[in-house]
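Worksheet for the structure shown next.
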Amino acid sequence: MTALTVTDVRFEQYGLGPALGVDETRPRISWRFANAPPNFRQEEYEIQLTRLANGVEIDLYSSRITSPESHLVPWPLPAPISSRQRYAARVRARGKDDTVFTPWSEPSFIEAGLLSRSDWSCDLISAPWAGDDPDKAKPEDLFRKEFVIRGSILHARLYITSHGVYEAEINGQRVGDFFLAPGWASYDGRLPYQTYDVTQHLSQTNTLGVRVAEGWFSGRLGFEGGSRNIWGRRTALLAQLEVTLADGSLVTIATDGSWTAAQGPIRLAEIYDGEKYDATAEVPGWSVAGPQSACWTPVEVLPPIPEQVPLLRGAAEPVRRVQVLKPVETITTPAGKTILDFGQNLVGYVRIKNVAGPREHVLLLSHAEVLEDGELGVRPLRVCKARDEYTFRGDLGGESYEPRLTFHGFRYVQVDNWPAGAADLSDSVEAVVCHTDMEERGSFSCSDEKLNKLFANIRWSMRGNFLSVPTDCPQRDERLGWTGDLALFAPTAVLLYGCSGILRDWLQNVWFDQKKLNGVPPMVSPNVLYDNKPWGRVFPLAIWHDVTILGPWALWEETRDHTILAAQYDSMVTWLNCIPKNKEGPTRLWDLSKPQLGDWLDPNAPPSEPHKALTDGVLVANAFLTHSLDLIARVATILGKGDDAAKYHAMAKDARADFAAEYIAPNGRLVSDTQTAYSLAICFHLLSPPQLRRAGSRLAEIVRRNSFRVATGFAGTPFVCEALCLSGHSDVAYAMLLNEKCPSWLYPVTMDATTVWERWDSMLPDGRINPGEMTSFNHYAYGAVAKFMVERLAGLRRLEPGWKRTRVQPEVEGPFTWARAEHLTPYGMVSSSWVLAKHAEAGMNELRIEVVVPPTTEMEVVIPGVDGCRTETVGSGKWLFATAYVRRKGWPVKPIGFFG
Ligand code: BGC
């Protein structure tokens with residue numbers, strides 16, 4: 001048998017591999033186990049830390065602790081890490097029944113960034129012309145500095161950020177693999193910076209070159225024309241290269257007045273409109289040492305970044321180019337255009353390789369998610385060109401180009417002006433998928449292929465919309481951090497990808513923006529909607545603003561990391577204090593006269609008025625109010641704030657009483673007799689047990705009368721299937737999930753969708769694009785149903801936050817013959833897999849449930865047998881349960897027609 005080992009030693013929420021430039025001074029440590037025996041429990045662990053000084057491990061420190069915990073254990077050193085310090089951590093552990101420890105793990109490395117402002121000795125520099133023409137989109141600026149390093153180089157770090165987005169090169173070689181660094185943040189609250197190990201880039205004579213463009217900092221953002229210069233008029237660069245020599249001395253090359261700037265070949269670099277690259281305007285050798293053309297001008301030094309704007313690495317993983325797709329088809333349209341179909345709606349850009357074209361020839365690449373009447377469907381993009389242009393140098397051997405400073409959401413690319421005589425189009429073009437580089441955590445599959453496709457589509461929509469911040473959509477003139485979308489999707493997001501880093505940073509943005517708005521959270525964060533713009537007037541709004549509580553809570557459930565709750569607690573409390581209540585009547589509820597987005601995009605609302613849902617918007621707001629109050633009471637308990645917990649508990653109780661008086665008939669009927677109203681009332685525990693039974697029956701009846709079509713918008717969609725299950729109608733939930741008639745989750749799948757759509761019918765059955773103004777084909781909100789698929793159909797869920805205890809309880813009904821889900825938890829992979837096989841006895845099935853329980857954790861397996869359920873509790877390992885099984889409910893479920 002292979003020996004038990006400690007693996008995956010990591011820090012905080014960072015992935016495997018060295019954590020470079022971190023902000024934490026006492027980073028917590030986690031690990032997993034390989035080859036653990038069944039029922040393994042950790043009894044004791046030992047962490048060994050060594051500091052690396054000039055490449056040598058010194059200051060050995062070791063700490064042995066008796067504890068079953070292997071997730072986020074405290075930093076063992078008495079002293080915090082200081083700037084630039086690098087540590088190696090090794091872990092070993094001993095199980096409950098073991099007398100000896102495992103061998104030491106492989107070392108994992110962590111290195112602190114520049115933790116104090118005084119560590120930064122560089123100036124913020126800008127091209128002299130950067131502030132000109134503030135109303136116009138600007139080309140990129142190039143910055144350069146030549147320098148000589150005397151002595152042998154031990155290691156080198158580049159600390160760098162910009163106002164705008166940047167890419168750095170040293171001696172003509174690209175530094176790092178991040179896309180659109182430094183990423184997007186509320187730049188007046190926090191400026192993210194990056195740390196790169198550039199040891200291998202340097203020689204004796206060197207040039208550091210950096211291209212900087214507007215990006216989110218000063219480029220156009222927002223709908224209906226949007227705004228420019230939201231965080232400032234001038235792009236700028238801040239960089240500090242630190243080279244440690246073999247004799248221990250430090251050489252620093254910092255941005256200052258000695259740098260020079262020039263305009264580069266990227267003539268336009270806009271998030272919405274795209275990139276224009278003019279290869280005839282390249283500055284040859286701009287990032288290598290040697291004679292330069294006359295285009296370089298001394299930079300201007302700007303005032304320093306204010307002290308109150310901290311420079312931070314942040315918790316998020318960087319955005320990277322993560323996948324390459326080749327076109328699946330070349331289409332000639334009725335109008336004679338050439339369109340490439342990549343077979344997948346994705347986010348990123350298109351790259352061309354080795355294409356020969358005459359000098360000054362301009363190639364156009366226009367992006368769209370769908371075709372309409374056989375042509376590129378650009379209307380949904382609104383005020384957004386989504387077009388890249390490349391002007392050829394005229395190299396006979398061919399030229400390669402990829403956009404660096406923009407991104408698009410697309411499946412189709414129209415190629416205009418492909419040079420005559422150039423190589424075959426589809427061989428020379430590929431799509432590059434870009435997003436925040438999150439670890440894949442969860443998977444799902446079952447016996448219905450269309451549901452598997454739906455799950456894959458949900459995953460793609462999350463990928464497309466987690467690009468530096470969580471956005472609503474990635475293609476039109478928005479791509480904004482809409483708070484409501486994330487509030488509803490967060491519990492699902494954490495089941496798909498490791499996203500606690502990106503969401504942690506983003507929630508801090510929300511809190512920063514919220515403070516600027518006197519306590520009312522922003523509609524979008526980073527906030528680009530101000531008073532002078534549509535939606536700029538900020539007023540309290542349920543769900544969207546409840547993100548302050550729902551977001552952190554989803555992260556807590558996934559990670560059991562209380563620091564997330566602690567960091568967001570003031571944001572939660574501040575938000576709840578802003579909710580306007582009624583002066584009379586239900587005084588513990590939302591002011592009934594306030595506008596609400598409510599069940600946004602209810603399919604029954606007119607396409608141009610998505611807030612006009614069947615369900616009363618204030619009822620929806622109040623249901624979420626009770627939910628938020630329940631959650632903050634639990635947060636307060638977790639954080640040891642007993643008085644607050646009692647207060648919020650009482651407020652939740654009062655709000656429930658008012659909700660019942662206002663909206664619930666004694667027998668369980670609701671004043672909004674809708675799918676959404678019942679779903680929320682059931683899932684948020686607003687009903688007594690008899691009322692719940694009645695409400696569940698009524699919900700099932702409404703769904704059957706609606707021929708299993710979905711009639712929920714943003715608010716109800718995450719909850720409707722779960723509410724049906726909770727009230728004993730899993731068969732109806734499955735009928736709804738499997739329904740293909742619009743509105744349904746599978747309708748888009750039958751329409752060849754490869755992502756989740758914003759509207760149930762973003763594309764109408766006749767292939768036309770929905771006439772509504774807002775029609776995206778890549779919005780994750782309705783994908784929240786993936787949680788239901790994992791938790792009910794595959795039956796895998798947490799029993800405690802952080803996955804220390806789990807439950808497998810599949811809902812074996814409907815036409816399904818098998819289902820399976822896996823999740824990479826902090827302790828290792830957990831999985832549930834069930835299959836129905838033939839049983840020896842006629843009319844019976846054999847249900848086999850196979851589970852994998854990660855080391856140091858425990859699982860309850862609920863096995864539904866012929867004579868009811870039995871529950872087994874198991875420790876780590878692989879376990880198989882088999883039982884004779886007959887489905888409790890008939891299939892198919894019948895809809896209710898006019899005559900019953
Ligand atoms: C966005 C939505 C968002 C909504 C709120 C839309 O334009 O795309 O997802 O939540 O506005 O009004």
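UniProt numbering applies: residue 1 is where the sequence shown begins, and numbers increase by one.
Think of the CB as a built atom: it goes at the ideal place given N, C-alpha and C, for glycine as much as any other residue.
This one's a predicted model, so the numbers in the text were calculated from it and none came from an experiment.
If you follow the beta strand (DSSP E) that N845 is part of, which residue opens it and which one closes it? Here residue 845 refers to the residue found at position 845 when the sequence shown is read from its first residue. Note, N845: beta strand (DSSP E), N845 to V853.
To the nearest whole angstrom, what separates the beta carbons of T492 and A784, a pair I think is in contact under 8 angstroms? In the sequence shown, residue 492 corresponds to position 492, counting from 1. In the sequence shown, residue 784 corresponds to position 784, counting from 1. Right, the Cβ-Cβ distance comes to about 5 angstroms (below 8 angstroms), so this counts as a contact.
Can you name the residues that DSSP bridges to L124? Indexing the sequence shown from 1 puts residue 124 at position 124. Answer by DSSP bridge pairing, in chain order: L302.
Assuming contact is defined by CB atoms lying nearer than 8 angstroms, are P522 and W184 in contact in what I supplied? For the purposes of this step, residue 522 is taken as the residue at position 522 of the sequence shown. For the purposes of this step, residue 184 is taken as the residue at position 184 of the sequence shown. Cβ distance not < 8 angstroms, so P522 and W184 don't count as in contact.
Using beta-carbon positions only, say whether E46 and R64 come within less than 8 angstroms of one another. Residue 46 sits at position 46 when you count from the first residue of the sequence shown. Residue 64 sits at position 64 when you count from the first residue of the sequence shown. A contact, by the Cβ cut-off of 8 angstroms.
Are three or more beta carbon pairs between the segment 263 to 282 and the segment 138 to 151 nearer than 8 angstroms? yes
The segment 675 to 692 / the segment 639 to 654 touching (three or more Cβ pairs under 8 angstroms): no
Which of the three DSSP states is assigned to G421 in this structure? Numbered from 1 along the sequence shown, position 421 holds the residue referred to as residue 421. In the structure shown, G421 sits in coil (DSSP, three-state: anything other than H, G, I, E or B).
On a CA-only basis, which of G95, G131 and A356 is nearest F392? Give me that one, please. Within the sequence shown, numbered from 1, the residue matching residue 392 stands at position 392. The shortest Cα separation from F392 among G95, G131 and A356 belongs to A356.
Nearest to N845 by alpha carbon, out of V851, C683 and A837? Within the sequence shown, numbered from 1, the residue matching residue 845 stands at position 845. Ranking V851, C683 and A837 by Cα distance to N845 puts A837 first.
Do the segment 158 to 165 and the segment 213 to 232 make contact, defined as three or more Cβ pairs closer than 8 angstroms? yes
Give the secondary structure of Q508 by DSSP, where H, G and I count as helix, E and B as strand, and everything else as coil. By one-based count along the sequence shown, residue 508 stands at place 508. Q508 falls in the helix class under three-state DSSP.
How is Y497 classed by DSSP in three states: helix, strand or coil? For this step, residue 497 is matched to residue 497 along the sequence shown. Strand, per DSSP.
List in chain order: all unbroken beta strand (DSSP E) runs of 3+ residues lying wholly within the segment 369 to 414. 387 to 391 and 399 to 401
Tell me the rounded alpha-carbon separation between E449 and D654. Position 449 of the sequence shown holds residue 449. Position 654 of the sequence shown holds residue 654. Cα-Cα distance, rounded: 46 angstroms.
Hey, could you find the ends of the beta strand (DSSP E) W745 is sitting in? Position 745 of the sequence shown, counted from the start, is the residue given in the question as residue 745. Judged by DSSP secondary structure, W745 falls outside any beta strand (DSSP E); it is assigned neither H nor E.
Mind checking whether the beta-carbon of G442 lies closer than 7 angstroms to any heavy atom of ligand 1? As a working note, residue 442 is residue 442 in the sequence shown. No; taking the cut-off as 7 angstroms, the Cβ of G442 has no heavy atom of ligand 1 nearer than that.
Rounded straight-line distance, which links the Cα of P76 to that of E858: For the purposes of this step, residue 858 is identified with residue 858 of the sequence shown, where counting begins at 1. For the purposes of this step, residue 76 is identified with residue 76 of the sequence shown, where counting begins at 1. Separation of E858 and P76 (C-alpha to C-alpha, rounded to the nearest whole angstrom) is 27 angstroms.
Could you please give the first and the last residue of the uninterrupted beta strand (DSSP E) stretch that includes A156? Here residue 156 refers to the residue found at position 156 of the sequence shown. I153 to H163 is the span of the beta strand (DSSP E), which, as asked, contains A156.
Please name the residue, chosen from Y747, A781 and E773, that lies closest to D766 on a Cα-to-Cα basis. Locating residue 766 in the sequence shown gives position 766, counting from the first residue. Taking only the C-alpha atoms, the option nearest D766 is Y747.
Rounded C-alpha distance that separates L60 from Y87: The residue labelled residue 60 in the question sits at position 60 within the sequence shown. The residue labelled residue 87 in the question sits at position 87 within the sequence shown. Their backbone Cα atoms lie some 10 angstroms apart in a straight line.
Within a Cβ cutoff of 8 angstroms, which residues of the same chain sit near I153, ignoring the five residues on either side of it in sequence? On the sequence shown, position 153 is the one that residue 153 refers to. Hits under 8 angstroms: T199, L202, V243, T244, L245 and A246.
Return the chain-ordered list of same chain residues with a C-beta closer than 7 angstroms to the C-beta of S443, the five sequence neighbours on each side being excluded. Taking the sequence shown and counting its residues from 1, one reaches residue 443 at position 443. In its chain, beyond the 5 residues on either side, A821 and E822 have a beta carbon closer than 7 angstroms to the beta carbon of S443.
Compute the distance between the beta-carbons of S628 and D546, then report whether it is under 8 angstroms. Position 628 of the sequence shown holds residue 628. Position 546 of the sequence shown holds residue 546. Yes, Cβ-Cβ distance for S628 and D546 is below 8 angstroms.
Shortest alpha-carbon distance to residue 903 belongs to which of A316, F410 and L20? With the chain represented from 1 up to 900, any question about residue 903 goes unanswered, as that position is not in the structure.
Take N622 and list the residues in its own chain whose beta-carbon comes closer than 6 angstroms to its own, dropping the five residues that flank it on each side. If you number the sequence shown from 1, residue 622 lands on position 622. L589, W590 and F659, listed in sequence order.
Which value, in whole angstroms, describes the spacing of the CA atoms of P192 and G113? To locate residue 192, count along the sequence shown from 1; it is residue 192. To locate residue 113, count along the sequence shown from 1; it is residue 113. Using only the alpha carbons, I get a separation of about 11 angstroms.
Distance between beta carbons of V812 and P892, contact taken as under 8 angstroms: Taking the first residue of the sequence shown as 1, we reach residue 892 at position 892. Taking the first residue of the sequence shown as 1, we reach residue 812 at position 812. Not a contact, Cβ separation roughly 16 angstroms.
Does K647 come out as helix, strand or coil in the three-state DSSP assignment? Against the sequence shown, residue 647 aligns to sequence position 647. K647 falls in the helix class under three-state DSSP.
Closer than 6 angstroms by C-beta to T205: which residues in its own chain qualify, once you throw out the five before and the five after it? Chain order, please. Counting from one through the sequence shown, the residue named residue 205 turns up at place 205. Excluding residues within five positions, the ones whose Cβ falls inside 6 angstroms are V148 and A289.
Within a Cβ cutoff of 7 angstroms, which residues of the same chain sit near R768, ignoring the five residues on either side of it in sequence? Taking the first residue of the sequence shown as 1, we reach residue 768 at position 768. Closer than 7 angstroms at Cβ, skipping near neighbours: E372.
If we ignore side chains and look at the alpha-carbon of each, how far apart do L250 and F217 end up? Along the sequence shown, read from residue 1 onward, the residue named residue 250 stands at position 250. Along the sequence shown, read from residue 1 onward, the residue named residue 217 stands at position 217. Rounded to the nearest angstrom, the two C-alpha atoms are 32 angstroms apart.
Distance, Cα to Cα, V635 vs V524? In the sequence shown, residue 635 corresponds to position 635, counting from 1. In the sequence shown, residue 524 corresponds to position 524, counting from 1. Taking the straight line joining both Cα atoms gives about 24 angstroms.
According to DSSP, is M523 part of a helix, a strand, or is it coil? To locate residue 523, count along the sequence shown from 1; it is residue 523. Correct three-state label for M523: coil.
What residues are listed by DSSP as bridge partners for K878? What you label residue 878 is simply residue 878 of the sequence shown in a count that begins at 1. Answer is V852.
Going along the chain, which residues of its own chain have a beta-carbon closer than 6 angstroms to the beta-carbon of N667, five neighbours each way excluded? Walking along the sequence shown from the start, residue 667 turns up at place 667. For N667, where only same-chain residues beyond five positions count, the Cβ hits under 6 angstroms are R694.
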